[in-house]
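Notes for the one structure printed next.
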Amino acid sequence: MVGRKQADLARAVGISPSYLNLIEHNRRRIGGKLINDIARELGVDAAALTEGAEAELLNTLREAAADHERAAEDLPRLEEFVGRFPGWARLLSDTRRRAVELEHSVEVLSDRMTHDPFLSTSLHEVISTVTAIRSTATILAETRDIDPEWRDRFHRNMAEESARLAESAEALVRYLDDASATDIAGSTPQEELDGWLRGRGFHIAELERSLALEPETLVNRSTELQSAAAREMGQKFLERYRKDAEHMPLKSFAEAATATGFDPAALSVRFGVDLTAVFRRLATLPTELVGAEIGLVTCDGSGTLTFRKPVEGFPLPRYSAACPLWPLYQALSRPMAPVRRRVEIGGRNPRGFVAYAVCQPAQPAGFDGPQVLEAAMLILPLEIVGAEILEPPQEVGTSCRICPRAVCAARREPSIMSEAF
Amino acid sequence: MGKRVLLVEDEPNIIEAIRFILSRDGWVVDTHSDGASAVEAVLANPPDVLVLDVMLPGKSGFDILKELRGVPATGTLPVLMLTAKGQGRDRELAERYGVNRFMTKPFANAEVLEAVNALLEGATGAA
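Here the protein sequences come in this chain order: V and B.
My numbering puts the first residue of the first sequence at 27, with every later residue one more than the last.
My numbering puts the first residue of the second sequence at 209, with every later residue one more than the last.
Structure follows, in C-alpha cells:
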C-alpha cells in the first residue's frame, strides 16, 4: 500500500485501520465485496490481492508439513488441497501460526526464568545462606564435645546468616511483587501494552489537547507495540481514553477530583459519566497534578486481569491470579452494586488504601447476545481520600503464591514465603 | 604428613563449617577464596583432594577445573564441586571438564565428609 495511508484506505472502504492492519498481515480472511472495494480503491485487480494471501497460506502449510513426516509425503498435492478445502487449509495454517507464537511465548518466559540476572543472583544468595545455616546448625546439634570457643563462633555465624537470609528473602519478594521491576516487553500482547503504558506513566498527553492526535497515529509511532494484537489492543485503549478525555477535560476534572477528595460518585454525577469511566480518568491523571499515585485494575467476567496500573505498596500480580479477597471480585459477583472498602496489603510495613470497585454489564451483541461483564477497582492511598472511613481494614494480598498471611479463609494454594522462608 | 584438602570457596561461614567437619576427621584444611588466583594456589601446593565452589569472584569453578585438567600435575587431582546451580547443564559441564563428584547446595555435612573421603580412597586405590 505504498503511497497511500492505511487510515485513508480503511476509511474509504468502511473498516477500522486496525482491522485493515490485521488483513494486511493475513490475520483476517476477507473476500467478496470487501476485497473488491479494497482492490478498486487501490486500482488493482482483486486477484492480485488474494495472490499474496494464497502464497502466504501455501508457505505456512509447507513449513508445517516440513515438521511432519506423513504430511511431507502429501506436499505435491498441497495446492490441490488448498483449492478444494480453503477453509480447512486456513484453519490448519492459523493453528500452525498460533502454535509457533505460543512456542515463542513459552521460550521467552522460560528464558526469563532461567536467565533473569537478579532472580538468579538472589536465589544463589538464598541457597548459599541456607547452606551455611544448615551446616552450622548440624554441627551445633550433633557435636557433643564442641569447644566453647567454636560453639560461640558458630552461634555468631548462625545469627549473621539468619539476618542475611532475611534480607535476601525480602529483596526477592520485593522483586517478585514489583510489577515494574523488569522490562517485560516482548512476550504477550497484554504485556507489550502494559509496558508501553507504564513507560508513559499511563498518561497520554497527546490525547488531552483540543486538537488531539489520532489514536492510530500514536499506535503507529510506538516502537513498543510490535505485534498486531498489541497494536489492536493499544488502539482500543486509546479510543476509549480519548472519549474519557473529551467527557472529563483534564484541568476541570483534576480540580474537581482534588476538591471532592477523589470521590468517584461525586465526580460521576458532576461529569455525567459512569463510575468506571471516572475510575479510568482518575488513574490516568498525571501524578504531579494530583500529588499522589492512583492505581487501577480491571478484569473481565472470568476474573482475568485486563488492565493493571500498580501503585506503590499495592503491587499487582503479573502472571498469577490475584487475591480473591480484593473488592474487585466482590463487585464482579454483584454487577451494578458499587463497593468501597478500606484495605490493607500485608507485609512488614502494611499500607492502607481505599478501594472503590464496580462491575458493569454490557450487551455488545444486543439483548439476545451474551452479557459481557467488566469490573474495575480504583486504588487510592488512604491519606489522599477525603471521606472518613471508620471501618476496620480488610486484609488482602497480591496473589496466594507470594502472600505472607498464614491464615486466610480464601487461600487457594500455599505461599512460597511460608514454605521457603 | 596428614591428608590434605584445599577448599576454594568464598562464603566465610561455609568455609568455617566445612573446615570444622573435615578437621575433626583428621584432614588438614587449607582454604582459598579468590577464583582468579585459585589455579596458582592449587599448583603451588597440590592437595590430596580439591573442594571447589562454582560461583567464585574472579573466575568460575568451571574455568578453574578446565585449567587444572590441562596441567599434568593436576590432571587427575580428585575434585569435588559444590554449587548452588544444580541444573542439569551445570552438572554436564562439570562432568565434561572432568569433575569427580558434583554436589548441590545446601548439602548435608555427612555427605561432604563421605565424598571427600571416598575421593581420597579412590585416588589412593587407583594409584
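All residues carry an ideal CB built from backbone N, CA and C; glycine is no exception.
The structure displayed is predicted, hence computed values, not measured ones.
CA-to-CA, the gap between LEU301/V and THR424/V works out to about 24 Å. Taking a cut-off of 8 Å for Cβ pairs, the stretch 356 to 372 of chain V and the stretch 267 to 287 of chain V do not touch, as fewer than three such pairs fall below it. Of PHE111/V, PRO387/V, CYS349/V, the smallest CA-CA separation from MET362/V is found for PRO387/V. For ILE229/B, the neighbours in chain V by C-beta distance under 8 Å run, in chain order, SER161, ILE165. Residue pairing by DSSP places GLN386/V opposite GLU400/V in a beta bridge. Straight-line spacing of the CA atoms in GLU80/V and ALA256/V works out to 25 Å. Residue pairing for MET289/B: DSSP places it in a beta bridge opposite LEU260/B, PHE310/B.
The DSSP-derived three-state label of ALA381/V is strand. By the Cβ neighbour-count rule, THR332/B is exposed, with fewer than 16 other Cβ atoms within 10 Å of its own. The three-state reading of DSSP puts GLN216/V in helix, counting H, G and I together.
GLY392/V and THR86/V have their C-alpha atoms roughly 37 Å apart. Taking a C-beta cut-off of 8 Å against chain B, the contacting residues of the stretch 186 to 199 of chain V are GLU186, GLU187, listed in chain order.
ALA189/V and ALA436/V have their alpha carbons spaced roughly 31 Å apart.
Between VAL213/B and VAL259/B a beta carbon distance of about 6 Å is seen, short of the 8 Å cut, so the two are scored as contacting. Looking from the CA of LEU311/V, the closest CA among PHE297/V, MET274/V, GLY339/V belongs to MET274/V.
The residue from ILE410/V, TYR355/V, PRO419/V with its alpha-carbon nearest to that of VAL384/V is TYR355/V. Proximity of LYS313/B to chain V, defined by a Cβ-Cβ separation below 8 Å, is satisfied. Listed along chain V are HIS150, each with a C-beta nearer than 7 Å to that of MET263/B.
The count of Cβ pairs closer than 8 Å, one atom from the stretch 147 to 154 of chain V and one from the stretch 102 to 116 of chain V, stays below three, leaving the stretches out of contact. As the crow flies, the alpha-carbon of ALA254/V is around 11 Å from that of LEU219/V.
Listed by position along chain V, the residues whose Cβ is nearer than 7 Å to that of ASN253/B form an empty set, because the closest Cβ is around 25 Å away. Under the three-pair Cβ rule at 8 Å, the stretch 295 to 303 of chain B does not count as touching the stretch 214 to 231 of chain B. Contacts between ASN308/B and chain V, judged by CB atoms closer than 8 Å, are missing: the closest CB pair is about 20 Å apart. Uninterrupted alpha helix (DSSP H) stretches at least 4 residues long and entirely within the stretch 266 to 314 of chain V occur at 276 to 285, 290 to 297, 301 to 309, given in chain order.
Residues of chain B whose Cβ lies closer than 8 Å to the Cβ of ILE153/V are, in chain order, ALA292, LYS313, PRO314.
Residue-level contact check: ILE222/B touches chain V, since one or more beta carbons of chain V fall below 8 Å from its beta carbon. By the CB criterion at 8 Å, LEU327/B and LEU288/B fall inside the cutoff.
For GLU300/B, the secondary structure class from DSSP, reduced to helix, strand or coil, is helix.
The bridge partners DSSP lists for GLU370/V are GLY378/V, GLU421/V. For PRO407/V, the secondary structure class from DSSP, reduced to helix, strand or coil, is strand. The C-beta separation of LEU48/V from LEU35/V comes to about 14 Å, leaving the pair out of contact by the 8 Å criterion. In this structure LEU166/V touches ARG177/V by the C-beta definition: roughly 7 Å separates them, less than 8 Å. One thing to note: ILE405/V has its Cβ no nearer than 8 Å to the Cβ of ALA318/V.
Of ASN221/B, PRO255/B, ASP271/B, VAL257/B, the smallest CA-CA separation from GLU303/B is found for ASP271/B. ALA225/B reaches chain V at THR157, ALA158, ARG160, SER161, THR162, THR164, ILE165, PHE180, ASN183, counting residues in chain order whose Cβ is nearer than 9 Å. Taking C-alpha positions only, GLY412/V is separated from ASN221/B by approximately 53 Å.
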